[in-house]
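Residues 3 to 271 (the numbering used here) are what the sequence shown spells out, left to right.
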Amino acid sequence: MSERHGISPAGEPVDFQGCLARVNPTDASLQQLSQQADDTPVIMLNLLRFRPRGDSTIYSLYGKEAAPEVAKVGSFIGYYGAVVTDLDPALGFDASWDAVVMPVYHRRASYLALQRSSIYQLAIPYRSAGTSRRTLYVLSDGDTVFKDTHSIAGMDASRKPLPTTAGDIYVIDVVRFAGEQGHEQFRHWANTVLPLLRDAGATPLLSLQPEVPVLSEEHWDHCILTHFPSLDAVTTLYSSTAWQLSLGARRDALENSVTVASTGIPLPT
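See the structure below:
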């Protein structure tokens with residue numbers, strides 16, 4: 003790990019410890035999380051690359067073993083999606099991930115309590131064996147880009163995951179703003195393309211603030227999850243002239259971004 007706790011070294015690992023460092027948080031990054039204010043619920047965003055690539059068999063063993071302990075600390079999965087890996091990268095999609103997992107925790111302390119569970123610890127070797135790369139980031143309700151979205155507080159209060167329907171697509175955007183004006187520039191771009199999203203039948207579901215990188219190669223400033231009624235709706239919008247013309251303003255607003263399309267899948271049991 004680098005001196006910035008939670009930030010993983012880029013590039014391929016050269017030994018076993020390097021492999022573990024890409025999928026398991028360090029004590030230092032968990033300590034950093036424990037020092038945060040803890041009066042609101044959070045989502046722990048997971049982007050996962052399975053080992054073997056595209057095969058969740060081993061990781062699902064982790065999910066099965068960990069699920070009872072996750073429930074004991076009051077957590078539940080807000081969204082679990084399989085990444086669509088065959089989209090045209092020219093449209094801006096990152097196909098290097100296999101799954102998106104967004105568990106909701108009532109408090110950060112709930113997540114930390116889970117890490118101390120001896121039973122949960124027994125499940126971690128499955129995760130280590132079944133995952134070759136992972137991003138783990140604390141998300142909270144904050145200064146939203148899109149209004150009238152779901153909130154983590156609302157999900158926590160209702161104990162209900164985001165609605166998912168077979169065939170629907172969920173696009174997650176994590177972004178880092180460029181300079182002092184990047185945030186407002188991105189907000190302006192987002193509201194400019196909102197009519198295009200609506201015309202495509204799309205709805206922004208979450209607009210959240212990344213807080214602490216527990217395990218990540220990058221720092222991020224905002225996270226958006228948008229629902230589309232179909233894969234065709236995604237590709238039609240992203241390849242449209244109007245959308246392509248809007249991307250200059252988006253690029254000016256951002257230093258970096260990752261865009262991942264996924265389809266909701268049944269949760270491990």
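Where a beta carbon is used, it is the ideal one built from N, C-alpha and C, also for glycine.
Helix, strand or coil: how does DSSP classify residue i here?
i, result
"Leu108", "Residue identity check: residue 108 is His in the sequence provided, not Leu. If DSSP states are grouped into helix, strand and coil, His108 belongs with coil."
"Thr243", "helix"
"Leu164", "coil"
"Arg252", "helix"
"Ala125", "helix"
"Gly266", "strand"
"Asn26", "coil"
"Thr228", "strand"
"Ser4", "Because Ser4 carries a pLDDT of 36, less than 50, the predicted location of this residue cannot be relied on, and the following value inherits that uncertainty. Here Ser4 sits in coil by DSSP."
"Trp71", "Going by the sequence as given, residue 71 is Glu instead of Trp. Glu71: helix per DSSP, three-state reduction."
"Val260", "strand"
"Cys21", "helix"
"Pro54", "coil"
"Glu186", "helix"
"Pro43", "coil"
"Gly132", "helix"
"Ser98", "coil"
"Gln37", "coil"
Just to confirm my understanding: we take residue i, look at its own chain, exclude 5 residues before and 5 after, and list those with CB closer than 7 Å. What are they?
i, result
"Tyr113", "Met46 and Tyr107"
Would you call residue i buried or exposed, if buried means 16 or more other Cβ atoms sit within 10 Å of its Cβ?
i, result
"Asp88", "exposed"
"Arg135", "buried"
"Thr105", "At residue 105 the sequence reads Pro, which differs from the Thr that was named. Buried."
"Gly169", "exposed"
"Asn258", "exposed"
"Pro54", "exposed"
"Asp175", "buried"
"Thr59", "exposed"
"Thr228", "buried"
"Leu124", "exposed"
"Ala101", "buried"
"Ser244", "Just to set this straight, residue 244 is Ala in the shown sequence, not Ser. Exposed."
Please work out which residues of its chain come closer than 6 Å, Cβ to Cβ, to residue i, disregarding the five sequence neighbours upstream and downstream, and give them in chain order.
i, result
"Ile154", "Pro43, Ile45 and Asp143"
"Ile273", "What the structure shows of the chain is the stretch from 3 to 271, and residue 273 is not part of that stretch, so it cannot be assessed."
Under 8 Å by Cβ, that's how I've got residue i and residue j pegged, so tell me the actual separation to the nearest angstrom.
i, j, result
"Phe148", "Ala255", "Not a contact, Cβ separation roughly 15 Å."
"Thr166", "Gly266", "3 Å"
"Phe78", "Pro163", "7 Å"
"Ala263", "Leu239", "Actually they are not in contact, since the Cβ atoms of Ala263 and Leu239 sit about 11 Å apart, beyond 8 Å."
"Leu233", "His152", "No, Leu233 and His152 are not in contact; Cβ-Cβ is about 22 Å, not under 8 Å."
"Gln187", "Ala84", "32 Å between Cβ atoms; not a contact."
Cutting at 8 Å between CB atoms, please list the residues of its own chain near residue i, excluding the five before and the five after it.
i, result
"Ser248", "Trp191, Thr194, Val195 and Leu198"
"Val25", "Arg129, Ser130, Thr133, Ser134, Arg135, Arg136 and Leu217"
Would the beta-carbon of residue i be found less than 6 Å away from any heavy atom of the ligand MN?
i, result
"Ser232", "This structure does not include the ligand MN; it has no bound ligands of any sort."
**Prompt:** For the 8 Å Cβ check, are there 3 or more pairs between the stretch 211–223 and the stretch 127–141?
**Reply:** The stretch 211–223 is in contact with the stretch 127–141.
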